[in-house]
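Residue numbers (my numbering): 37 to 271. Built from N, CA and C at the ideal position, the CB exists for glycine as well. Remember, it's a predicted structure, so these values are computed and weren't measured experimentally.
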Amino acid sequence: GLCCPGRDPACLSTGRRPDGSHGPCYCDQACARTLDCCHDYAEACPVIPCVVSQWSVWSGCAEPCKTTYRVRRRHIIQEARNGGEACPPLEERAGCVEYWTQQGTECKQSLIPALITTGGFGKARKKRAAADGNERAGYCVEFQLVAITPGCLHSHHSYTHWMQYLREGHTVCVECQHPALDSRSLHCYGDGTGSKKNQLLHWQAVGNPRCKGTWKRIRQLDTCSCPSVHSFLFI
Numbered sequence: 037g038l039c040c041p042g043r044d045p046a047c048l049s050t051g052r053r054p055d056g057s058h059g060p061c062y063c064d065q066a067c068a069r070t071l072d073c074c075h076d077y078a079e080a081c082p083v084i085p086c087v088v089s090q091w092s093v094w095s096g097c098a099e100p101c102k103t104t105y106r107v108r109r110r111h112i113i114q115e116a117r118n119g120g121e122a123c124p125p126l127e128e129r130a131g132c133v134e135y136w137t138q139q140g141t142e143c144k145q146s147l148i149p150a151l152i153t154t155g156g157f158g159k160a161r162k163k164r165a166a167a168d169g170n171e172r173a174g175y176c177v178e179f180q181l182v183a184i185t186p187g188c189l190h191s192h193h194s195y196t197h198w199m200q201y202l203r204e205g206h207t208v209c210v211e212c213q214h215p216a217l218d219s220r221s222l223h224c225y226g227d228g229t230g231s232k233k234n235q236l237l238h239w240q241a242v243g244n245p246r247c248k249g250t251w252k253r254i255r256q257l258d259t260c261s262c263p264s265v266h267s268f269l270f271i
């Protein structure tokens with residue numbers, strides 16, 4: 037039962053050594069490298085990796101009416117022993133937005149940033165909606181970009197390249213497609229419905245929390261007609 041982590045000169049016993057001789061031998065983790073383990077070390081001190089449970093279900097958003105996070109957790113079933121593989125992270129977070137308060141009232145539009153992604157994502161989304169028989173007419177909103185954080189230019193993943201084309205002063209089109217359309221209000225969150233003229237509204241790029249900014253709503257249209265690099269989707 038003498039099993040010690042790491043290198044421990046005090047983790048000493050007497051018995052048969054790997055070379056067959058009899059004398060002092062060790063029961064510490066490092067003995068496998070130094071070749072001075074007691075003969076029964078592998079059986080007495082087996083390598084046991086950490087074992088964790090399945091992930092819990094995702095929690096709700098931490099707070100309503102703002103861009104925040106949700107959490108899922110798992111717990112340790114068996115701690116690692118004798119040099120076994122260490123435990124993986126026990127908590128994961130993911131971004132989320134809850135558009136309704138706990139009292140069941142809709143969040144104020146001006147409080148919530150619009151979550152946007154590249155328009156190219158919509159082609160696959162439309163195919164799925166058509167296959168489900170759920171295709172419902174959406175709409176398009178034009179905005180003028182007012183402010184953009186420097187984080188939009190530092191997007192190194194292939195799925196965030198579209199953020200580098202965002203420029204202050206440019207007009208962009210954001211499409212509201214059926215999957216993002218709220219069934220109660222029949223609009224996409226963050227589309228600026230009900231905002232005052234020239235009111236600054238907030239947007240946030242999906243996939244890069246450092247890419248966000250403000251824009252002004254220009255008008256709502258039936259369909260979008262912006263160049264592809266300036267065409268986006270509400271999420």
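Residue i to residue j span [Cα, whole Å]
i	j	result
Gly119	Cys39	10 Å
Ser264	Pro186	22 Å
Ile254	His238	14 Å
Pro125	His111	9 Å
Val133	Thr70	55 Å
Gln240	Tyr77	57 Å
Leu189	Pro215	29 Å
Cys98	Arg43	What sits at residue 98 in the sequence shown is Ala, not Cys. Taking the straight line joining both Cα atoms gives about 44 Å.
His223	His266	21 Å
Ser95	Trp136	16 Å
Arg220	Gln180	27 Å
Tyr175	Thr104	27 Å
Trp251	Arg117	55 Å
Cys123	Gly230	50 Å
Cys262	Tyr225	21 Å
Leu48	Asp72	10 Å
Ala46	Pro54	19 Å
Sub-8 Å separation of residue i and residue j beta-carbons
i	j	result
Val87	Gln114	yes
Ser92	Arg108	yes
Cys74	Tyr62	yes
Thr207	Asn244	no
Cys209	Phe270	no
Pro149	Lys248	yes
Glu178	Leu236	no
Glu128	Pro85	no
Glu204	Cys260	no
Gly59	Thr50	yes
Ile152	Val242	yes
Arg106	Ala130	yes
Where residue i falls, given that 16 or more other Cβ within 10 Å makes a residue buried
i	result
Lys233	exposed
Ala160	Residue placement at Ala160 cannot be trusted, given a pLDDT of 48 that sits under 50; what the coordinates show is reported in the next sentence. By the neighbour-count rule (16 or more Cβ atoms within 10 Å), Ala160 is not buried but exposed.
Val83	exposed
Lys154	Note that residue 154 is Thr in the sequence shown here, rather than Lys. Buried.
Glu79	exposed
Gln213	buried
Residue i, enclosing alpha helix (DSSP H) - first and last residue
i	result
Ala183	No alpha helix (DSSP H) contains Ala183, which is instead part of the beta strand (DSSP E) from 175-184.
Three-state secondary structure (DSSP) of residue i
i	result
Pro85	coil
Thr196	helix
Gly187	helix
Tyr201	helix
Pro125	coil
Glu211	strand
Boundaries of the beta strand (DSSP E) in which residue i is found, first to last residue
i	result
Cys73	No beta strand (DSSP E) holds Cys73; DSSP gives it neither H nor E.
Gln240	236-241
Gln114	112-114
Within-8 Å CB hit, residue i to chain D
i	result
Thr103	Judged by its chain identifiers, the structure shown contains no chain D, having just a single protein chain.
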